[in-house]
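A.B. asks: Once you've had a glance at the structure underneath, I'll fire off some questions.
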Amino acid sequence: MLRWNTDQADLRKGLERWGDALSADHIELDEQSVFPHDKWKVVRETGVLGLPFDEVYGGIGQSLLTTMYVLEGLGACNRDSGLSFSVTTSMCSTGVPLQKFGTAGQKERYLPGICSGGMIGAHAITEAEGGSDAMAMTTKAVRDGDDFVLSGSKVFVSNGPVADVMVVYARTHPDGGPLGTTAFLVDRNTPGLTVGSPVKKMGLRTSPLSELFLDEVRVHTSAVLGRTGGGLLVLDHVMKREILFSFIVNVGEMQHRLDRCVDYAKTRRSFGKAIGSYQGIANKIVDAKIQLETARKWLYDTGEKLEAGEDVTMDLAIAKLITSESNLATSLTAVQVFGGHGYMSEYGLEQDVRSAVGGTIYSGTNEIQYNRIASQLGLGK
Ligand SMILES: Cc1cc2nc3c(=O)[nH]c(=O)nc-3n(C[C@H](O)[C@H](O)[C@H](O)COP(=O)(O)OP(=O)(O)OC[C@H]3O[C@@H](n4cnc5c(N)ncnc54)[C@H](O)[C@@H]3O)c2cc1C
Numbered sequence: 028m029l030r031w032n033t034d035q036a037d038l039r040k041g042l043e044r045w046g047d048a049l050s051a052d053h054i055e056l057d058e059q060s061v062f063p064h065d066k067w068k069v070v071r072e073t074g075v076l077g078l079p080f081d082e083v084y085g086g087i088g089q090s091l092l093t094t095m096y097v098l099e100g101l102g103a104c105n106r107d108s109g110l111s112f113s114v115t116t117s118m119c120s121t122g123v124p125l126q127k128f129g130t131a132g133q134k135e136r137y138l139p140g141i142c143s144g145g146m147i148g149a150h151a152i153t154e155a156e157g158g159s160d161a162m163a164m165t166t167k168a169v170r171d172g173d174d175f176v177l178s179g180s181k182v183f184v185s186n187g188p189v190a191d192v193m194v195v196y197a198r199t200h201p202d203g204g205p206l207g208t209t210a211f212l213v214d215r216n217t218p219g220l221t222v223g224s225p226v227k228k229m230g231l232r233t234s235p236l237s238e239l240f241l242d243e244v245r246v247h248t249s250a251v252l253g254r255t256g257g258g259l260l261v262l263d264h265v266m267k268r269e270i271l272f273s274f275i276v277n278v279g280e281m282q283h284r285l286d287r288c289v290d291y292a293k294t295r296r297s298f299g300k301a302i303g304s305y306q307g308i309a310n311k312i313v314d315a316k317i318q319l320e321t322a323r324k325w326l327y328d329t330g331e332k333l334e335a336g337e338d339v340t341m342d343l344a345i346a347k348l349i350t351s352e353s354n355l356a357t358s359l360t361a362v363q364v365f366g367g368h369g370y371m372s373e374y375g376l377e378q379d380v381r382s383a384v385g386g387t388i389y390s391g392t393n394e395i396q397y398n399r400i401a402s403q404l405g406l407g408k
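Anchor point for the sequence shown: position 66 equals 93 in the working numbering, and the numbering is continuous, going up by one each time.
So this is what it looks like as C-alpha cells:
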C-alpha cells in the first residue's frame, strides 16, 4: 500500500482548502447546465492544472502517483463533478500528449496556457458513426504542401464549447488501419473549424460538450502531435492517464459520499434507533466502503505499475470497470440511505447518480473494457 509523505499531503491539503469555492452553487449550476467561468478562475488559482507538467512550462512537475493523490483530493473537496471533469479533460486531452510527444515549439506555445488554465484543452476522437471503434474514424487529413487539410466532423467533445485548443484525431492514410491516424493540434479560431452549441446531457452538466465540424481546416505540418500515422500511439498514452487521472477523482467523490452516509446513518433515527443500527442500512454502507477501497487500490496499483514501465492493459481495464461501476453503485446507495431526501435535488445526491453513469461510457465503455480483459485471457479470438 502506498504511503504519502508530508510534501504530498501538504499539496493535497493546499488544494482542499479551495473546496467551498469550487463547490459553490453546484446544484443550481447543474440545473442551468452552464460552464462556471468564475469557478474556472478558482481552479486556476489552485494550480491543480499544472500538477504533472514540467516546471519550465509553468507546471509543478509532480509524478503520476502524486498527481493522482492530489486529484483524489479534488474529488473529495469539490462537489461540482462537472467542473472536476473539465479539469481532468483539459489536463489529459492536451497537456498530457504535449508533454510526451510535443516539439519544443508546441510545448512553448501551449503548455504554459494549459498549466495555468489560461487555455482550455479538449480532444476530438469520437464520430457520429461510432466511438468504440475509434480507429474506424472517417475524418480525414490530406497533405497539401506544408499543410494538412482536415475535413469531417466529431461528436461528444468535452470542453468543446469553451476550448481554446483541441487535439483532433484524423485519418491520414485511407488504408492504414490504426497506423493511418494522426493527432493534430488545432486552435479554436482556425478558419473552417466550427464548434457546435453545448449538447444537453444527463450529468456532468457544468462540463460543456459539443460537436465539431471541420470544413477544409488547414493546419501547418508543425501542428502534427507526435508522428504522422502515430495517432494511435498518442491516444493510447492519453487514455492510460485519462483513466488514472479522471477516475481517481471519482474515488475522492466516493470517499466524501461514504462519509456523508456514515454521518447520516448515525444521526437519522427511525423506530427509535439510528438507521445505521439496522443491518439493511449498515450493510449497504459497508458495501460502499468495500467498493471504494477496491477502486482506490486498483487505480493506485495500476499507476504504480505504469510508472514502473509494466504492461497495464488488463489492470487499466479492471481499474476503469471497478471504479466506474463502484461510483454508480455508491451514488445509488447514498440516495437509498438518505431516503426521500436523497431523491431531492437539494441534497446533491441524485446529481451524483446522473454524473456517475457517464463514467461507464467515456474513456472506453465498460463493455469494451470487458472485451479487453477477455482478449487478455485469450478469449474471443
Ligand atoms: C460524458 C461523456 C464525455 C465524453 N467526452 C468525449 C471527448 O471529450 N472526446 C471524444 O472524442 N469523445 C468523448 N465521449 C464519447 C465516448 O468516448 C463515446 O461515447 C464512447 O467511446 C462510446 O462510443 P459511442 O457513444 O459511439 O457508442 P457505440 O460505440 O456506438 O456503442 C454503443 C453501445 O454498444 C456497445 N458496444 C460497441 N461495440 C461493442 C463491442 N465490440 N462489444 C460489446 N459492446 C459493444 C457499447 O459499449 C455501447 O454500450 C464522451 C462521452 C460521454 C458520455
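Where is the CB? At the ideal position from N, CA and C, for every residue including glycine.
Hey, out of K332, A309, D263, whose CA is closest to F365's CA?
C.D. replies: As a position in the sequence shown, residue 365 is number 338, starting the count at 1. Among K332, A309, D263, the Cα nearest to that of F365 is on A309.
A.B. asks: Kindly indicate which residue of G102, Q59, W67 has the alpha-carbon position closest to the one of V278.
C.D. replies: As a working note, residue 278 is residue 251 in the sequence shown. For the residues G102, Q59, W67, the minimum Cα distance to V278 belongs to G102.
A.B. asks: Under 9 angstroms, do G223 and S237 count as touching if we go by C-beta distance?
C.D. replies: The count along the sequence shown starts at 1 and reaches residue 223 at position 196. The count along the sequence shown starts at 1 and reaches residue 237 at position 210. The answer is yes: Cβ separation under 9 angstroms.
A.B. asks: Compute the minimum distance between the beta carbon of G223 and the heavy atoms of ligand 1, and state whether it is under 8 angstroms.
C.D. replies: Along the sequence shown, one-based indexing puts residue 223 at 196. A distance criterion of 8 angstroms places the beta-carbon of G223 beyond contact range of ligand 1, judged by its closest non-hydrogen atom.
A.B. asks: Any heavy atom of ligand 1 closer than 8 angstroms to the Cβ of K181?
C.D. replies: Against the sequence shown, residue 181 aligns to sequence position 154. Yes, since a heavy atom of ligand 1 falls inside the 8 angstroms radius drawn around the Cβ of K181.
A.B. asks: DSSP three-state label for T33, please.
C.D. replies: In the sequence shown, the residue the question calls residue 33 occupies position 6. Three-state result, T33: helix.
A.B. asks: Using only the heavy atoms of ligand 1, determine whether one of them is closer than 8 angstroms to the beta carbon of N277.
C.D. replies: Stepping through the sequence shown from its first residue, residue 277 is reached at position 250. Answer for N277: no, Cβ out of range of ligand 1.
A.B. asks: So, for G257: in the same chain, excluding its five sequence neighbours on each side, which residues have a beta-carbon less than 6 angstroms away from its beta-carbon?
C.D. replies: The residue you call residue 257 lines up with position 230 of the sequence shown. None.
A.B. asks: Am I right that L319 and L285 are in contact with their C-beta atoms under 8 angstroms? What's the rounded C-beta distance?
C.D. replies: As a working mapping, residue 319 is identified with position 292 in the sequence shown. As a working mapping, residue 285 is identified with position 258 in the sequence shown. At roughly 6 angstroms, the Cβ-Cβ gap stays under 8 angstroms, so L319 and L285 are in contact.
A.B. asks: Roughly how many angstroms separate the alpha carbons of G230 and D173, rounded to a whole number?
C.D. replies: The count along the sequence shown starts at 1 and reaches residue 230 at position 203. The count along the sequence shown starts at 1 and reaches residue 173 at position 146. Cα-Cα distance, rounded: 42 angstroms.
A.B. asks: In the DSSP assignment, find the unbroken alpha helix (DSSP H) run with R399 in it and report its ends.
C.D. replies: Locating residue 399 in the sequence shown gives position 372, where the first residue counts as 1. R399 -> alpha helix (DSSP H) spans 393-403.
A.B. asks: Does the stretch 351-364 come close enough to the stretch 372-390 that 3 or more CB-CB pairs lie under 8 angstroms?
C.D. replies: yes
A.B. asks: Report yes if the C-beta of A356 is less than 8 angstroms from at least one heavy atom of ligand 1; otherwise report no.
C.D. replies: Here residue 356 refers to the residue found at position 329 when the sequence shown is read from its first residue. No.
A.B. asks: Measure the alpha-carbon distance for T165 versus H150 and round it to whole angstroms.
C.D. replies: The residue you call residue 165 lines up with position 138 of the sequence shown. The residue you call residue 150 lines up with position 123 of the sequence shown. So the two alpha carbons sit approximately 16 angstroms from each other.
A.B. asks: Tell me, which residues are paired with V192 by DSSP?
C.D. replies: In the sequence shown, the residue the question calls residue 192 occupies position 165. Paired residues: G148, D214.
A.B. asks: Given the structure, does T116 come close to ligand 1, in the sense that its CB is under 8 angstroms from one of the ligand's heavy atoms?
C.D. replies: Residue numbering aside, residue 116 sits at position 89 when the sequence shown is read from its first letter. Flag set: Cβ of T116 near ligand 1.
A.B. asks: I'd like the span of the alpha helix (DSSP H) that includes A168, first residue to last.
C.D. replies: As a working mapping, residue 168 is identified with position 141 in the sequence shown. That residue, A168, is in no alpha helix (DSSP H); its beta strand (DSSP E) goes 167-171.
A.B. asks: At which residues does the alpha helix (DSSP H) containing G207 begin and terminate?
C.D. replies: Taking the sequence shown and counting its residues from 1, the one referred to as residue 207 is at position 180. Careful: G207 lies outside any alpha helix (DSSP H) and carries neither H nor E.
A.B. asks: C104 and S50 - do their beta-carbons sit closer together than 9 angstroms?
C.D. replies: The residue labelled residue 50 in the question sits at position 23 within the sequence shown. The residue labelled residue 104 in the question sits at position 77 within the sequence shown. Against a cut-off of 9 angstroms, the Cβ pair of C104 and S50 comes out as a contact.
A.B. asks: What is the DSSP secondary structure of L220, reduced to helix, strand or coil?
C.D. replies: Within the sequence shown, residue 220 is the residue found at index 193, counting from 1. In the structure shown, L220 sits in a strand (DSSP, three-state: E or B).
A.B. asks: Cβ of T115 within 9 angstroms of Cβ of F211?
C.D. replies: As a working mapping, residue 115 is identified with position 88 in the sequence shown. As a working mapping, residue 211 is identified with position 184 in the sequence shown. No, Cβ-Cβ distance for T115 and F211 is not below 9 angstroms.
A.B. asks: Flag I388 as yes when its Cβ comes closer than 8 angstroms to any non-hydrogen atom of ligand 1, and as no otherwise.
C.D. replies: Here residue 388 is taken as the residue at index 361 of the sequence shown, counted from 1. Yes; taking the cut-off as 8 angstroms, the Cβ of I388 has a heavy atom of ligand 1 nearer than that.
A.B. asks: I need the DSSP call for D52, collapsed to helix, strand or coil.
C.D. replies: Locating residue 52 in the sequence shown gives position 25, counting from the first residue. Correct three-state label for D52: coil.
A.B. asks: To the nearest angstrom, how far is it from the Cα of H53 to the Cα of L404?
C.D. replies: Reading the sequence shown from its first residue, position 26 is the one you call residue 53. Reading the sequence shown from its first residue, position 377 is the one you call residue 404. Going from the Cα of H53 to the Cα of L404 covers about 43 angstroms.
A.B. asks: Is any heavy atom of ligand 1 found at a distance shorter than 8 angstroms from the C-beta of F184?
C.D. replies: Counted from its first residue, the sequence shown places residue 184 at position 157. In the sequence under discussion, the amino acid at residue 184 is Val, which differs from the Phe named in the question. At least one heavy atom of ligand 1 lies closer than 8 angstroms to the C-beta of V184.
A.B. asks: So for S108, helix, strand or coil by DSSP?
C.D. replies: By one-based count along the sequence shown, residue 108 stands at place 81. S108: helix per DSSP, three-state reduction.
A.B. asks: Indicate, with yes or no, if ligand 1 has a heavy atom lying under 8 angstroms from the CB of N398.
C.D. replies: As a working mapping, residue 398 is identified with position 371 in the sequence shown. For N398, the shortest C-beta to heavy atom distance toward ligand 1 is below 8 angstroms.
A.B. asks: Excluding the 5 residues preceding and the 5 following E43 in the sequence, name in chain order all residues of the same chain whose CB lies nearer than 6 angstroms to its CB.
C.D. replies: Position 16 of the sequence shown, counting from 1, holds the residue named residue 43. The answer, listed in chain order, is G100, C104.
A.B. asks: Is the number of C-beta pairs between the stretch 258-272 and the stretch 324-338 that are closer than 8 angstroms three or more?
C.D. replies: Three or more beta-carbon pairs drawn from the stretch 258-272 and the stretch 324-338 are found closer than 8 angstroms, and the two stretches are therefore classed as touching.
A.B. asks: From this set, G179, N393, G158, K228, which residue's C-alpha is nearest V61's C-alpha?
C.D. replies: Here the question's residue 61 lines up with position 34 in the sequence shown. Nearest C-alpha to V61: K228.
A.B. asks: On the three-state DSSP scale, how would you describe H247?
C.D. replies: Here residue 247 refers to the residue found at position 220 of the sequence shown. In the structure shown, H247 falls within a strand segment according to DSSP collapsed to helix, strand and coil.
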